[in-house]
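Visitor: Chains as they are written, first to last, in the numbering used here: chain W, 1 to 373; chain B, 374 to 736.
Can you read through this structure? Questions will come right after.
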Amino acid sequence: MIVWERRPAPSRALAWATPVLAVALTVLAGGVLFALLGKDPVLAIRTIFWEPLFGPFAGYLRGQIAIKAAPLILIAVGLSFGFRAGVWNIGAEGQYIVGALCGAAAGLALWPAETRWIFPLMVLAGTLGGLVWAMIPALLRVRFGTNEILVSLMLVYVASNLLAWAALGPLRNPEGLGFPGSRNLRQWASSANLELVPGTGLHWGGVAALGAVAAGWVLLARHPFGFAVRLMGQAPRAAAFAGVAPSRVVVLCMALSGGLAGAAGLFEVTGPAGQVSIDFAAGYGFTAIIVAFLGRLHPGGILLAGLLMALTYVGGEMAQQRLNLPAAAISLFQGMLLFFLLATDLLATHRPRWRRAAPSASPLPAAAPEEAR
Amino acid sequence: MLTRRRLLATGATTATLAAAGLPVRAQGTEPLTVGFIYVGPIGDGGWTYQHDQGRLAVEEHFGDRVRTVYQESVPEGADAERAITQMVLGGAGLIFTTSFGFMDATVNVAQQFPDVKFEHATGYKRLDNLATYDARFYEGRAVIGTIAGRMTRSNKIGYIASYPIPEVIQGINSAFLHARKVNPDVEMVVIWVYTWFDPAKEADAAQAMIEQGVDVIMQHTDSTAPQAAAQAAGNVFTFGQASDMAAFKPVPRIASIIDNWAPYYIERVGAVLDGTWESHAHWGGIPEGEVEIGEITEAVPDEVRAEAEAMIEAIRNREYHPFTGPINKQDGTPWLAEGEVATDEQLISMNFYVEGMTGQIPS
């Protein structure tokens, strides 16, 4: 029988190998799923992973992957710091929405002025909006010891109601015949966040995402804040001895993740989405949580994970259209990725050992699996 | 075709593609690819299900001359534009985008691909290659509003509303006007759920109405969750929406408004095949067979059924328009004079409740 033993120290090599293994297992299990649905599994997997990158329409789709990955990476880099320190900001979706609302409101207040200062102002307003929204769960935790998971998550629903209210009320396009939704920010030169190089899909949000990856890397590896975050996550007592103030880390982690989520929302509302509408929120804030873990909470890993996640979205849409796969099958396929990642994580922290079937009375083997968790 | 592939492979932008003027349809050899972008799952049993029935009717009618593709549960917003573009790149020559929220995305893609034909449901933006189509759901609402007014015992009828856009407001006003016409004591409770399809929210809304004493529920959302909530409560009547929702017959579902898109889809696909397609704003209703009233069950007394059927006939023969004056706005100001009929322009920009409605349209 196999017994799982906790490793003295997590295997570094396996920590990086498990995401690859998880992807491989997802492909296998996904193939079985697609086959059960009566579709050619090889063709389906090929359509999801190969077609967007190297197929006949790759010229268009590669840019789309970049567009889809940018907000995921930007948000996930911010979240990764908190997750390392044990600060669980689950409400990035809400911060993303509030960022978009604040940024759009700041810009629309100046409509129809034409000056290049408007866009930077909107980015600032968006970042601050997300940051302030994240401060609510942060300060409640620091002051009153509330659970930031619950508070940040519940604030997502508050934010989506704010979004509906803004799209129907204060931000509604006065020339929109009464239909909900703001003016189109992409068609207003001052606020338009368009592709910087045509065909690449790289807009300012993509630039910000790359910047966040680089800055995050430096912050994590070289800066005292990165050290404090890592220490607080791995050894809270040691962190206390090292002079790390837990509330300061909580507030800074929430501010960082909220600010980046808010900026992502602003880049999205001025770019790919184009307007504040009731359906603006597309779940990037939640998907970014998967991206953060898939990327091993490391900025470099998050960059790759974000691109992979975007690939499954774009490829998944291709598969839906080409093979008439149901949308739910694609969501299931994406869900498997997180499932297998968590499952294979066991390999990094534990090692399997073969044991002969225990002689009759020994209590040890029976107890071992429980110890392992 | 070959040119297009090569262009794409070399990473050309869609703008260049549009300039190069793609897909000019090959001469009759290849089937026409017809695409459908759906807002919900095809199994929603309501709105998207009916559009998909239209797609299947197109396949059956044209056989080998067409190939259909679809993508379901496409979010309204940034993702829709990519979904539509992918369909164009996949070779679609005609694309139906079947929800209001796809409007700007459809316009953007249509501008880039002037040789592909687009049809957007329930919107108001048109181009030379982008037509709009809609159905006069308010005609059906007049009929079920009449039934609701007769069937309620608590004199409270409910309306689960999706988004405060003119199409939905027309429905609320039409249902309310006709319920009031047969029952002057009737009041309408409106709950806005801000979704077209979310069984949990729809069920919550239905439950909240039932607790307020509502005993007839109408819905402008696509799932059967309100029907299930009404069934569980007992003594509450509902109407199938978009689709017949026949599984809930004979109660709580006592009648239904069915959207039948098949005739329109067949006509428009045929027009593309013949080369006679032109952009237009189409708005069909009961007379065109696009809006149908499903079976009125035995739970409805015969005289009420006769009354409803008479109204269907009158609308079918264009003898009766559901918005015929005198009608005042909610604040009491006159909207339509005695005998005056609302114009389509007045209807497509409707943003007010009629007199007698309580509550306010969210804004």
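Yeah, the Cβ is synthetic: ideal placement off N, Cα and C, and Gly gets one too.
The structure presented is a predicted model; accordingly, all values stated were derived computationally and were not measured.
Below 8 angstroms on the Cβ atoms is my contact criterion, and I expect residue 519(B) with residue 680(B) to pass it. Report the Cβ-Cβ distance as a whole number of Å.
Guide: The Cβ separation is near 6 angstroms, so the contact holds.
Visitor: Which residue from 439(B), 610(B) and 665(B) puts its Cα closest to that of residue 634(B)?
Guide: Checking every option, the nearest Cα to that of residue 634(B) belongs to 665(B).
Visitor: Against residue 448(B), what residues of chain W qualify as contacts under a CB-to-CB distance less than 7 angstroms, listed in chain order?
Guide: Near residue 448(B) (Cβ distances below 7 angstroms), the residues of chain W are 279 and 282.
Visitor: Check whether the Cβ atoms of residue 412(B) and residue 472(B) sit closer than 8 angstroms, and answer yes or no.
Guide: Yes. Within cutoff.
Visitor: Quick check on the DSSP output: what are the complete alpha helix (DSSP H) runs of length 4 or more inside the stretch 410-457 of chain B, in order along the chain?
Guide: Runs of the alpha helix (DSSP H) inside the stretch 410-457 of chain B: 420-435.
Visitor: Can you list, in chain order, the residues of its chain with a C-beta nearer than 6 angstroms to that of residue 299(W)? Leave out the 5 residues immediately preceding and following it.
Guide: Cβ neighbours of residue 299(W) beyond the five flanking positions: 77, 213, 216 and 217.
Visitor: With C-beta atoms as the reference, is residue 259(W) less than 8 angstroms away from residue 191(W)?
Guide: No.
Visitor: Looking at chain W, which residues of the stretch 399-421 of chain B have a Cβ within less than 7 angstroms of any of its Cβ atoms?
Guide: Those would be 414, in chain order.
Visitor: Let me know the secondary structure DSSP gives residue 629(B) once reduced to three states.
Guide: Strand.
Visitor: Return the Cβ separation of residue 104(W) and residue 185(W) in integer angstroms, given the expectation that the two are a contact with Cβ distance under 8 angstroms.
Guide: Right, their Cβ atoms sit about 6 angstroms apart.
Visitor: Pull up the distance between the alpha-carbon of residue 579(B) and that of residue 602(B), whole angstroms please.
Guide: Near 6 angstroms, if we compare the C-alpha coordinates of residue 602(B) and residue 579(B).
Visitor: So that I know if they touch, is there some Cβ in chain B lying closer than 8 angstroms to that of residue 105(W)?
Guide: Not an interface residue.
Visitor: For a test of the three-state rule: what should DSSP assign to residue 575(B), helix, strand or coil?
Guide: Three-state result, residue 575(B): helix.
Visitor: Where does residue 678(B) fall in DSSP's three states?
Guide: Helix at residue 678(B).
Visitor: Secondary structure at residue 408(B), three-state DSSP: helix, strand or coil?
Guide: Strand, per DSSP.
Visitor: With contact counted as at least three CB pairs below 8 angstroms, one residue from each stretch, are the stretch 131-144 of chain W and the stretch 91-100 of chain W in contact?
Guide: Contact holds: three or more Cβ-Cβ distances are below 8 angstroms.
Visitor: Helix, strand or coil: which one does DSSP assign to residue 196(W)?
Guide: Three-state DSSP puts residue 196(W) in coil, outside helix and strand.
Visitor: For residue 515(B), collect the residues of the same chain with a Cβ closer than 8 angstroms to its Cβ; drop the 5 residues on either side in sequence, then sort them by chain order.
Guide: Closer than 8 angstroms at the Cβ level, and outside the excluded window around residue 515(B), lie 547, 548, 550, 551, 684, 688 and 695.
Visitor: Can you find a CB in chain W that lies within less than 8 angstroms of the CB of residue 394(B)?
Guide: Residue confidence is low: residue 394(B) scores 39 on pLDDT, short of 50, so the model does not pin down where it sits. No coordinate-derived value is stated.
Visitor: Quick one: what's got a C-beta closer than 7 angstroms to residue 219(W)'s C-beta in the same chain, skipping five residues either side?
Guide: Cβ neighbours of residue 219(W) beyond the five flanking positions: 225 and 226.
Visitor: Does the Cβ-Cβ distance between residue 47(W) and residue 254(W) come in under 8 angstroms?
Guide: Contact flag unset, no.
Visitor: Name the residue from 65(W), 29(W) and 117(W) whose alpha carbon lies nearest to the alpha carbon of residue 374(W).
Guide: As shown, chain W starts at 1 and ends at 373. That puts residue 374(W) outside it, with no answer to give.
Visitor: Should residue 157(W) be labelled buried (16 or more other beta-carbon atoms within 10 Å of its own) or exposed?
Guide: That one is exposed.
Visitor: Within the same chain, show all residues whose beta-carbon is closer than 8 angstroms to that of residue 738(B), passing over the 5 residues directly before and after it, in chain order.
Guide: In the structure displayed, chain B extends from 374 to 736; residue 738(B) sits before or after that span and is not available.
Visitor: What residues in its chain sit with their C-beta under 8 angstroms from that of residue 278(W), if we drop five residues either side in the sequence?
Guide: Here the set comprises 163, 164, 167, 168, 180 and 181.
Visitor: State yes or no: is the beta carbon of residue 180(W) nearer than 8 angstroms to at least one beta carbon in chain B?
Guide: Cβ-Cβ to chain B under 8 angstroms: yes for residue 180(W).
Visitor: Less than 8 angstroms between the beta carbons of residue 88(W) and residue 51(W), yes or no?
Guide: In this structure, residue 51(W) does not lie closer than 8 angstroms to residue 88(W) by Cβ.
Visitor: Note the first and the last residue of the continuous beta strand (DSSP E) segment covering residue 56(W).
Guide: Residue 56(W) -> no beta strand (DSSP E), and no H or E assigned at all.
Visitor: Starting from residue 445(B), find everything on chain W with Cβ-Cβ shorter than 8 angstroms and list it in chain order.
Guide: Those are 320, 326 and 327, listed as they occur along chain W.
Visitor: Applying the 10 Å Cβ sphere with the 16-neighbour rule, what's the burial state of residue 12(W)?
Guide: With fewer than 16 Cβ atoms within 10 Å of its Cβ, residue 12(W) is classed as exposed.
Visitor: Residue 268(W) CB to nearest chain B CB: under 8 angstroms?
Guide: So yes, residue 268(W) belongs to the interface.
Visitor: Give me the Cα-Cα distance between residue 508(B) and residue 556(B), rounded to the nearest whole angstrom.
Guide: Their backbone Cα atoms lie some 27 angstroms apart in a straight line.
Visitor: Contact between the stretch 10-24 of chain W and the stretch 342-357 of chain W: three or more CB pairs below 8 angstroms?
Guide: Because the criterion of three Cβ pairs below 8 angstroms is met, the stretch 10-24 of chain W and the stretch 342-357 of chain W touch.
Visitor: Hey, quick one: how far does the beta strand (DSSP E) through residue 611(B) stretch, first residue to last?
Guide: Taken as a continuous stretch (DSSP letters only), the beta strand (DSSP E) holding residue 611(B) covers 610-615.
Visitor: Since residue 298(W) is in the alpha helix (DSSP H), which residue starts that stretch and which ends it?
Guide: Counting along the chain, residue 298(W) falls outside any alpha helix (DSSP H), and DSSP gives it neither H nor E.
Visitor: Does any residue of chain B have a CB that is nearer than 8 angstroms to the CB of residue 60(W)?
Guide: Interface residue, yes.
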